[in-house]
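Residue numbers for the sequence shown, in our numbering: 13 to 100. To keep things clear, I will list the structure first and then write my remarks on it.
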Amino acid sequence: MATRRGGPRITLTEGAIRILWTDKVLTILPAAQPPDSEEAVDFVIDMDQIMTWDPPHQSVEIGVEELQIIMQAIEADLEKLGLVVAFE
């Protein structure tokens, strides 16, 4: 999908979002949409589940600044596809 100079590259796969940033990978699986949600969304991301990178970097925590950049990249890329993402 999108490539940003020095930033994360986002790929939408069947049922997941994959983020490649430098030599690290993060796979995000969708969460269930809350039953009381007022608007329909295409992808719900449970922020509490994003703690570390995928193996072999599972011991490396994802910092707050990195997480914010990842969220912005996901939102921008999915918006280009006409998809709505919610961060819970």
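Glycine included, each C-beta is placed from N, C-alpha and C at the ideal position.
Compare the C-alpha of residue i against each of the options and name the closest.
| i | options | result |
| --- | --- | --- |
| residue 69 | 37, 53, 75, 77 | 37 |
| residue 27 | 33, 44, 34, 35 | 44 |
Between the beta-carbon of residue i and the beta-carbon of residue j, is there less than 8 Å?
| i | j | result |
| --- | --- | --- |
| residue 42 | residue 31 | no |
| residue 79 | residue 57 | no |
| residue 22 | residue 85 | yes |
What residues match up with residue i in a beta bridge as DSSP calls it?
| i | result |
| --- | --- |
| residue 23 | 30 |
| residue 36 | 33 |
| residue 100 | According to DSSP, residue 100 bridges with nothing at all. |
For residue i, which three-state DSSP category applies?
| i | result |
| --- | --- |
| residue 87 | helix |
| residue 53 | coil |
| residue 15 | The predicted model places residue 15 with a pLDDT of 44, which falls under 50 and marks its position as unreliable; any figure quoted below should be read in that light. Looking at residue 15 - three-state DSSP - the assignment turns out to be coil, as it is neither helix nor strand. |
Closer than 8 Å is the cut-off here; do at least three beta carbon pairs connect the segment 44-60 with the segment 82-96?
These segments touch.
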